[in-house]
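Note that the protein sequences, when read in sequence, are chains A and B. If you're matching positions, the first sequence starts at 1 in the working numbering and goes up one per residue. If you're matching positions, the second sequence starts at 1 in the working numbering and goes up one per residue. Every residue, glycine too, gets a C-beta built ideally from N, C-alpha and C.
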Amino acid sequence: MTKIVLAVNAMVSNSGRITEVRKDPVTYDDYYFTYDAKYCWEVKRTPAGHYRIWYFPGQLDTEELQDLAKWKTATKVRYSTEDLRTREARETFAELFRCVVEKFYGVEKHLDDIIQDGYPSH
Amino acid sequence: MTTWEIVQQIVQFATNLVSGTAALVGLLVLVIRRRQIAAFLRIVTRNSLSLTIAELGTKMERLNELSAEDADQKREILNILGEVAGQLVANPSLRGSCADVTTKIGTYLRSPHRLTEPLKRSVIWQIRETTRHTDVKDFEGLMRGNE
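Structural data, given as structure tokens:
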């Protein structure tokens, strides 16, 4: 049994541990991030609406993390909603993608500001 | 010994002989056809497992439609998960392989606040994957048994 859906749901549940989010400047909707500051991942939404996740089993050091070109050549394991065709797998991958995008654009902080303005404490 | 008693004994002997022969034939058939009989029993057991897995599949679809973020729907999710755990524990083919997921369901039933939407999806995925693997293994076993 592949545990990828369990692992991704664990990451979504602890989205605070998702850091170092970077967007691929060339590819469409393609983001790189680390979880727990040691597990390296890539998540992508294809133009057809499928989600793909790659895990980098070899850990990248701090210097390599800064260089996207190093990520591109590193060994990675691919998981895709085209292969895992269940609804829960698709929803899980989609939620991770949303989490990562929100982190990248700092949406959470913006939303917090909007919420605080809308619901003043005093 | 009267003639009547002699006739009675002969008839009794003949009856015993016939029933004894019939029992022997029955036993011989059991021995000769043991593979076919075993295969038949396996098919019956497999059919019951397939029915359980199909029913679990329907329940997983229902769970997918419900959201753990909504209080009312969460109650329904927990009810369905309780039924599913019961089915998994009651089925000898699934009990062992699904022990981990039934423990998780037990935790959510005791502390519903711990069940979130991502964890619900994890449980669905785990049940679906484990039952699929059990089904495949069971089918392989059936095929090997028929060789």
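For this session: Starting from T45(B), follow the alpha helix (DSSP H) in both directions and report where the run begins and ends.
Result: Membership of T45(B) in the alpha helix (DSSP H) is indicated by the continuous run 34-65.
For this session: Anything in chain A within Cβ reach of S122(B), meaning under 7 Å, just list it in chain order.
Result: Near S122(B) (Cβ distances below 7 Å), the residues of chain A are V5, L6, N9.
Problem set entry | Proximity to L66(B) [Cα-Cα], best of E55(B), L78(B), G57(B) | Among E55(B), L78(B), G57(B), the Cα nearest to that of L66(B) is on L78(B).
Exercise. Taking one C-beta from the region 122-131 of chain B and one from the region 52-71 of chain B each time, how about it: are there three or more such pairs within less than 8 Å?
Worked result: They touch, by the three-pair rule.
Problem set entry | Candidates G106(A), I4(A), Y28(A): closest to G16(A) by CA position | G106(A)
Exercise. According to DSSP, is E5(B) helix, strand or coil?
Worked result: helix
For this session: List the whole-angstrom C-beta distance separating D67(A) from K44(A), where the pair is believed to meet the contact cut-off of C-beta under 8 Å.
Result: Not quite, the Cβ-Cβ distance comes to about 19 Å (not below 8 Å), so this is no contact.
For this session: Between the Cα of V26(A) and those of S13(A), T19(A), K72(A), spot the shortest distance and give me the residue it belongs to.
Result: K72(A)
For this session: With DSSP collapsed to three states, give me the class of S80(A).
Result: Secondary structure at S80(A): strand, using DSSP grouped into helix, strand and coil.
Exercise. Is it right to say P47(A) is buried, meaning 16 or more other beta carbons lie within 10 angstroms of its own, or is it exposed?
Worked result: exposed
For this session: Could you tell me whether the Cβ of N64(B) comes closer than 7 Å to any Cβ of chain A?
Result: Interface residue, yes.
For this session: Return the chain-ordered list of same chain residues with a C-beta closer than 8 Å to the C-beta of R22(A), the five sequence neighbours on each side being excluded.
Result: Y31, Y32, F33, L68, F104
For this session: Tell me, please, whether the CB atom of P92(B) is closer than 7 Å to any CB atom in chain A?
Result: no
Exercise. Going by alpha carbons, who is nearest to L84(A) out of R98(A), M11(A), K109(A), Y51(A)?
Worked result: Y51(A)
Exercise. Nearest chain B C-beta to V77(A) closer than 7 Å, yes or no?
Worked result: Answer no: the Cβ-Cβ gap between V77(A) and chain B never drops below 7 Å.
For this session: Taking only beta-carbon positions, decide if T81(A) is within less than 7 Å of chain B.
Result: For T81(A), the answer is no, since every Cβ of chain B falls outside 7 Å of its Cβ.
Exercise. Can the beta-carbon of I105(B) be found closer than 7 Å to that of A85(B)?
Worked result: yes
Exercise. Any Cβ of chain B within less than 7 Å of the Cβ of R87(A)?
Worked result: yes
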